[in-house]
Each structure stands twice: as C-alpha cells, then as structure tokens.
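Asker: Got a structure for you, questions after.
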Amino acid sequence: MGHTALPSRLKRRGQSGMLMGARPNSCRQTHLNHQDPHPAAHGSHLTANKVPNSRERNRFKGIEEQEHTCLALRIVVVVVVIVVVVVVVVVVAVIVVVVVVVVVVVVGVVVNSVVVMALRILEVVVVVVVVVVVVVVVVVAVVVVVVVAVEVVVVIVVVVVVVILVVVMALRIVEVVVVVVVEVVVVVVVGIVEEGIVVVVISVVVMVVGRLRDVELPRPLPPPSPRYSKRTLQ
C-alpha cells in the first residue's frame, strides 16, 4: 500500500461517516490538518510503491485513530439519538396510554353516572307506578266495599220493611180476628142476653099468668029476674 492510497481510503471513510448522519466536518478538518502541507518534501508524490517511513506511519496511524474516534463519536451520537427517539416514543406512548386511561376512566364515570341516574329515574317511575296501582286498588276496594255495604244496607232495609209489613199485616189480621171475636162475643152475649130477657119475660109472663090463675074469680051475678030475658043478659 503506497502513500497516496491511504488518504483516499480515509477520505472514503469520511464520506461514509457523512452518509451515517454524523458531523464529519470536524473529523475531516482534523484529517486535513494532519496532512502534510508539503508532500514533495517527503517524496510521497514520486512513486506509489514507496514504503513510508516510521514518521509517516505514525502520522497516518494517528489520523486513523482520530477517524476511529470520530466514528465512535458518530456511533455514540446515533445511539444517543436512537435512545432519545426511543425515550420520546416511550414518553409519547406513556402519555397516550395515560390519556386513554383518563378518557376511559372519565367515560366510565360518565357512563356510571348516567346508569345510576337512569336507575334512579327508573326507581322513581316504579315507585310512582306502584303507588298509583295501590291507590287504584284501594279506591276500587273502597268502591266495592261501599257498593256491597249499600247493597247490604238496601237488603237490610228491604228486610226491615218486609218485617214491618208482615208485622203490620199480622197486626191487621189480629185486629180483624179480635174485632171478629169481639163482635161474635158481643153478638153471642147480646144473643144470650136477649134470649135471657126473653126467657125472663116468658118466665115473668108465666109467673104472672100463674099468679093470675091464683087470683080468685069474682062471684057470679045473681040469677036474673024473670022479667029479663036471656037476650038482654047477653
């Protein structure tokens, strides 16, 4: 390997470093600063097959080490950039996850509140419906009880009226019977009394007649004188 081949290789390394995205200007400037400003003094431009001396080898070795250092720095920068990007991605992912979790929690709380409110409204509606049903049942029961009570009262009144009518009819019948019995008794008594009067009258008549029979008859008149005829006496 000649004197002129080594810088071209290092130059290609610098170009490859530029392609990797690192900052090649400082490392390139270092390479240019370490190049010999007078290559003719060392005879490096004469022949390509000339073997460099120890000084040139040390110089080019230092340049290679600097190139390696620049490459290492570039790798470190790339790694740092990758780490920063990964960290940023992780942070963004964590933020997204936190936002999603917060959104999910908020949505869950809102849904829970809506469900609880709906359940409360449903509970109130159920209570109102139950109260209305109970009131309707109580009103119907009261109406039925009132109707039944009215019917019972009507039946009782009818029974009382019937009993009163029966009692009145019975009293009328008793009255008629009593009147008939009294009339019969009166008639019988009157009849008996009348018959008794008749018997008494008859008895009195008989007694009077008997008494009259016991009365002495008047004496007969004296015989008529001859000068009276029978026709005159008659």
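In this text, residue positions in the sequence shown follow full-length UniProt numbering: the first is 1, and each later residue adds one. Ideal Cβ positions, reconstructed from N, Cα and C, are used throughout, including at glycine. The model shown is predicted, which means the values in this text are computed figures rather than measured ones.
What's the gap between the Cα of V161 and the Cα of V153?
Answerer: Distance between the alpha carbons of V161 and V153 is about 12 Å.
Asker: Whose C-beta lies closer than 8 Å to the C-beta of V139 among residues of the same chain, with five residues either side of it excluded?
Answerer: none
Asker: Quick check: the Cα distance between L165 and V185, rounded to an integer number of angstroms?
Answerer: 29 Å
Asker: Where L171 and V155 are concerned, what is the direct C-alpha to C-alpha distance, given to the nearest angstrom?
Answerer: 24 Å
Asker: Whole angstroms is fine: what's the gap from V89's alpha carbon to I121's?
Answerer: 46 Å
Asker: Roughly how many angstroms lie between the CA atoms of R59 and H68, to the nearest whole one?
Answerer: 14 Å
Asker: Look at the alpha carbon of V187 and the alpha carbon of S203, and state the distance between them as a whole number of angstroms.
Answerer: A straight line joining the alpha-carbon of V187 with that of S203 spans about 23 Å.
Asker: Taking only the alpha-carbon atoms, compute the straight-line gap between V110 and V87 and give it to the nearest angstrom.
Answerer: 33 Å
Asker: Nearest-angstrom Cα distance between V148 and A141?
Answerer: 10 Å
Asker: Just how far apart, CA to CA, sit V115 and V150?
Answerer: 51 Å
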